[in-house]
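The sequence shown begins at 13 in my numbering and counts up one residue at a time. Everything below concerns the one structure shown next.
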Amino acid sequence: MEPLEFCDVCFQRGKPNLCETYKNTFTKIVSLQFSQKTRLDRILTRLEIRPRSVDKRWTLIVSSEQRKEFLDSLWGVNVTVHTLEDHVKVITQLYKPEVRKLGDREQVELPTPESWEEFDPKSRDWIPLKVDTKKEKAHALVNLGNVLKCSSFEGTTYFRTYLNADTPTLVPMEKRAVYNIVSTLAEPITAIWKPDATGQHGFIGYDQLPNIPDEIYNVLRRLATINKKVPDTMIFENNDFELVKTVLGCIKIELIASSETITTLSEKKSDVPILIEEIQKDRLQVMLDIVKEMGGKIEIEKDNLTISGTRGLVKIIFVDSDKSAQDGNMAKIAVSALEEPPRFVEILVMIKKRLGLLDLPLENVLSQHWPIISDNDLQYVVQTAISWWSSNPVLATKIIGDAEKFARVKEWNTKIKEGKIRSTLDTITLGKIIKQKESNQVTK
13 MEPLEFCDVC FQRGKPNLCE TYKNTFTKIV SLQFSQKTRL DRILTRLEIR
63 PRSVDKRWTL IVSSEQRKEF LDSLWGVNVT VHTLEDHVKV ITQLYKPEVR
113 KLGDREQVEL PTPESWEEFD PKSRDWIPLK VDTKKEKAHA LVNLGNVLKC
163 SSFEGTTYFR TYLNADTPTL VPMEKRAVYN IVSTLAEPIT AIWKPDATGQ
213 HGFIGYDQLP NIPDEIYNVL RRLATINKKV PDTMIFENND FELVKTVLGC
263 IKIELIASSE TITTLSEKKS DVPILIEEIQ KDRLQVMLDI VKEMGGKIEI
313 EKDNLTISGT RGLVKIIFVD SDKSAQDGNM AKIAVSALEE PPRFVEILVM
363 IKKRLGLLDL PLENVLSQHW PIISDNDLQY VVQTAISWWS SNPVLATKII
413 GDAEKFARVK EWNTKIKEGK IRSTLDTITL GKIIKQKESN QVTK
């Protein structure tokens with residue numbers, strides 16, 4: 013997901029210096045003047061925050077506790093920022109929560125007899141359309157003003173019905189526009205917010221948010237996190253309840269807090285070392301391969317790794333904890349960090365500096381080694397390849413990788429074309445990368 017894709021309306025009067033791309037994550041989108049940078053550096057030093065590079069962008073990640081103090085500090089140093097609260101104010105103004113009634117049911121000629129679906133405002137879902145074929149022409153009864161979806165081997169196309177000189181007709185529409193129309197046709201529903209036992213988080217299942225516009229999904233996904241222990245669910249900070257309620261309210265979804273709690277995230281973490289054989293093999297192998305490329309030597313034991321370099325050695329254990337920590341020659345690595353590229357890079361940087369290993373461009377190297385195990389992995393690989401295409405097409409094709417990895421990327425791209433999944437990524441550029449990769453394979 014490209015978080016800034018729907019900020020074009022927000023930036024009509026000019027772009028700010030910083031934008032909150034995800035909750036508590038701020039990305040620089042306009043260069044800072046020397047005086048601004050100096051003042052900002054003082055704030056970051058005081059708050060003990062260190063910026064990092066994410067997808068080749070200057071990025072700052074603050075804790076929930078630091079967020080208010082950080083934002084308040086910016087007012088005095090003339091650094092402009094676009095927060096998620098600001099984004100919600102702009103985006104929600106584009107939607108009016110009234111129900112637009114459909115017109116009469118009329119027979120309309122379809123361009124093809126293939127699989128057709130019509131949007132149902134009550135269920136907020138797509139329902140199969142009965143197609144009749146007479147004299148080699150396909151017809152169906154549909155409501156005027158409604159939207160249709162046609163699926164074929166070539167992909168999914170969208171249409172809207174209207175009267176053209178008293179004749180019911182179909183007009184092709186872009187998918188994004190169709191889902192915005194869907195929000196005006198859909199009838200009101202409710203969604204349930206379930207808190208966790210600690211009262212720190214709220215959970216909303218994807219199944220409660222059917223066929224919502226891309227702009228709305230984008231802002232929800234930027235506010236939320238995900239956790240593999242709670243599949244198909246968005247997890248929000250509890251103090252964002254009213255903000256999420258505002259977002260959903262603009263498309264006629266009433267958010268209701270439930271008395272039922274979810275306890276998954278409140279489970280205590282353990283500092284007991286995880287056995288090496290219990291760690292996901294493909295993710296651990298990424299670390300081993302990159303450490304070897306940097307010139308490190310590795311000894312693997314039952315519950316730890318020992319990595320040595322020109323400046324000594326470091327013993328690494330993996331724990332089921334939220335944070336990694338280093339104390340002298342001992343490093344505790346949160347096993348969850350092996351699933352998140354920014355945290356993974358920080359671990360590799362620590363090992364490199366601590367042991368005096370080769371200075372490789374770790375973000376580039378990591379993206380080439382990264383396995384595709386989950387949908388998040390797939391998003392990371394594709395987004396990183398797309399971001400490098402214009403400046404380094406060779407690297408972009410390397411990122412989408414070996415035969416197995418490349419097959420997953422191609423399959424995902426095909427599903428987007430067929431309308432089976434939704435994505436806000438630049439699929440045009442992805443198509444170019446895939447073609448270049450296939451061309452390279454042919455020449456070999």
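We put the beta carbon where it would ideally sit given N, CA and C, even for glycine. Just so you know, these numbers come straight off a predicted model, no measurement behind them.
DSSP places Thr179 in the strand class (E or B) of the three-state scheme. Close CB contacts of Val231 within its chain, under the 8 Å cut and outside five residues either way in sequence, are with Phe18, Leu96, His99, Val100, Ile103, Val259 (chain order).
Fewer than three beta-carbon pairs drawn from the stretch 44-55 and the stretch 125-135 are found closer than 8 Å, and the two stretches are therefore not classed as touching. Distance from the CA of Cys31 to the CA of Phe38, rounded to the nearest whole angstrom, comes to 5 Å.
Using a Cβ distance threshold of 7 Å, Lys264 and Pro200 count as a contacting pair. Across the structure, Gln212 and Ile363 are spaced so that their CA atoms are roughly 33 Å apart.
Assignment of Arg79 by DSSP, reduced to helix, strand and coil, places it in the helix class.
In the DSSP assignment, Trp70 forms a beta bridge with Ser65.
For Phe418, the uninterrupted alpha helix (DSSP H) run begins and ends at 415-429, by DSSP. Residue burial is scored here from C-beta neighbours: Ala397 has at least 16 other C-beta atoms within 10 angstroms and is therefore classed as buried. Residues of the same chain with a CB within less than 7 Å of the CB of Asp301, apart from the 5 flanking positions on each side, are His381 in chain order. Residue burial annotation: Pro243 is exposed, with fewer than 16 other C-beta atoms found within 10 angstroms of its C-beta. Only buried fits Gly308, as 16 or more other CB atoms lie within 10 angstroms of its CB.
CA-CA distance, Ile274 to Glu249, rounds to 14 Å.
Considering only Asn36, Asn239, Phe418, Gln338, the residue with the shortest C-alpha distance to Lys80 is Asn36. Leu16 and Arg112 have their C-alpha atoms roughly 30 Å apart.
Counting only the Cα atoms, Gln220 lies some 19 Å from Tyr107. Under the three-state reduction of DSSP output, Lys206 falls in the strand class.
Listed as beta-bridge partners of Thr145 by DSSP are Ala150. Look at Thr322 here: in three-state DSSP terms it is coil, with no helix or strand label. The stretch 204-271 is shown to contain whole beta strand (DSSP E) runs of 3 or more residues at 213-217, 245-249, 265-269, in chain order. Excluding residues up to 5 positions away in sequence, Pro285, Leu287 lie with their Cβ nearer than 6 Å to the Cβ of Asp315 in the same chain. Residue environment analysis places Met342 among the exposed positions, since fewer than 16 neighbouring C-beta atoms fall within 10 angstroms of its C-beta.
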